[in-house]
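Q: The structure's right below; bear with me while I get my questions together.
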Amino acid sequence: MRDSTVHIGLLLPEVLGTYGDTGNAQVLGRRLRWRGFDAEVVPVALGEPVPSTLDLYLLGGGEDGAQALAAAHLRRHRRALAHGVVFGVCAGLQVLGTRFRGLDGVDHDGLGLLDVTTEPGARRAVAELVATPSGLLDGEPLTGFENHLGVSRRGAGSEPLGRVVRGTGNGDGTEGAVTGRVVGTYLHGPALARNPALADLLLTWAVGEPLLPLKLPEVDRLRGERLTVPRRRR
Ligand code: GLN
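If you want my numbering, it's the 1-based position in the sequence shown plus 9.
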């Protein structure tokens, strides 16, 4: 086992922390410590440079205005992220893509780390989201809640993270996007609390070695509950 600390970058939590996605950093830190690693969460505020030395970078969701601010800042620090493990949720996914359009019709450049473009859809997707994961993960369904207007289109440079079973996801039957070690998803929850296999995939990439399995019955119980949540009436 390596003995150095794993550094988890929590990017712009004051603008990309609206939907509780900052919890993803806590989940990763805890899952590392349970396995004997030291872990440090490094918040990076708007206006601060993004260190290129971190092992993993997290971006959460946020409203359109906050998202545009985040993208403008992160575009200046794209190189720091380009070689790391990166995980973005909702606005985070859209910022990691090549371009996104807000409700005001203005196009913004993303970071181009995912081959994804986003435009406003006809109606807001607010629902429990369930997806069958792609080959990167085991067969356990991915679960979370979604709350977004954006519809995301993948190009050939990104694979989907999963196929939607319930909810909207990207808007074309797929959910999320993966290019190399950059992952985007519409799953809030926080996603990594609700989907431990996804958390461990990111951690395996970040530490560069297989991780000991963790058996947590309460996580399994919570997943069971989430998968049986009744559908919203429309
Ligand atoms: N502003 C984006 C949208 O509505 C992202 C929302 C979010 O991060 N939940 O599509």
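Glycine residues also receive a C-beta, built at the ideal position from the N, C-alpha and C atoms.
Is any heavy atom in ligand 1 found nearer than 7 Å to the beta carbon of D73?
A: yes
Q: Need the endpoints of the alpha helix (DSSP H) that R39 sits in, please.
A: 32-42
Q: Can you check which of these residues, E155, E184, R175, T177, is closest to S167 by C-alpha distance?
A: E184
Q: How far does the alpha helix (DSSP H) with H82 in it reach, from first residue to last?
A: 73-84
Q: How long is the line joining the alpha carbons of L19 and D229, rounded to whole angstroms?
A: 26 Å
Q: Mapping the DSSP letters down to three states, classify R190 as helix, strand or coil.
A: coil
Q: For P169, count neighbouring Cβ atoms within 10 angstroms of its own Cβ and tell me buried if that reaches 16, exposed if not.
A: buried
Q: Measure the Cβ-Cβ separation of A79 and G71 and say whether it is below 8 Å.
A: yes
Q: Could you give the residue range of the beta strand (DSSP E) that holds V15?
A: The continuous beta strand (DSSP E) containing V15 extends over residues 15-20.
Q: Along the alpha helix (DSSP H) that carries P205, what are the first and last residues, could you check?
A: 205-216
Q: Is R243 helix, strand or coil when you go by DSSP?
A: Caution applies to R243, whose pLDDT of 49 falls short of 50 and renders its modelled position unreliable; the value that the coordinates give is listed next. Here R243 sits in coil by DSSP.
Q: Counting C-beta neighbours from all protein chains within 10 Å, is the total for A131 16 or more, i.e. buried, or is it exposed?
A: exposed
Q: Below 8 Å CB to CB, which residues in the same chain sit around V53 once its five sequence neighbours on both sides are set aside?
A: G18, L19, L20, L21, V59, P60
Q: At 3 residues or longer, and completely inside the segment 46-71: list those beta strand (DSSP E) runs for me, N to C.
A: 48-53, 65-68
Q: How is the alpha helix (DSSP H) around P150 delimited, first residue to last?
A: First-last for P150: undefined, no H or E at that position.
Q: Would you say the beta carbon of G32 is closer than 7 Å to some non-hydrogen atom of ligand 1?
A: No, ligand 1 has no heavy atom inside 7 Å of this Cβ.
Q: Rounding to the nearest angstrom, what Cα-Cα distance links L83 and D116 in this structure?
A: 16 Å
Q: For ligand 1, is there any heavy atom lying closer than 7 Å to the beta carbon of N156?
A: Inclusion of N156 in the 7 Å shell around ligand 1 follows from its C-beta lying nearer than that to a non-hydrogen atom of the ligand.
Q: So is D113 buried or exposed if we call it buried at 16+ other beta carbons inside 10 Å?
A: exposed
Q: Bridge partners for R175 per DSSP, in chain order?
A: V139
Q: Let's see if you can read the secondary structure: which residues bound the alpha helix (DSSP H) around G233?
A: 226-236
Q: Return yes when at least one heavy atom of ligand 1 lies under 7 Å from the C-beta of A100, else no.
A: yes
Q: Classify L102 as helix, strand or coil using the three-state DSSP reduction.
A: In the structure shown, L102 falls within a helical segment according to DSSP collapsed to helix, strand and coil.
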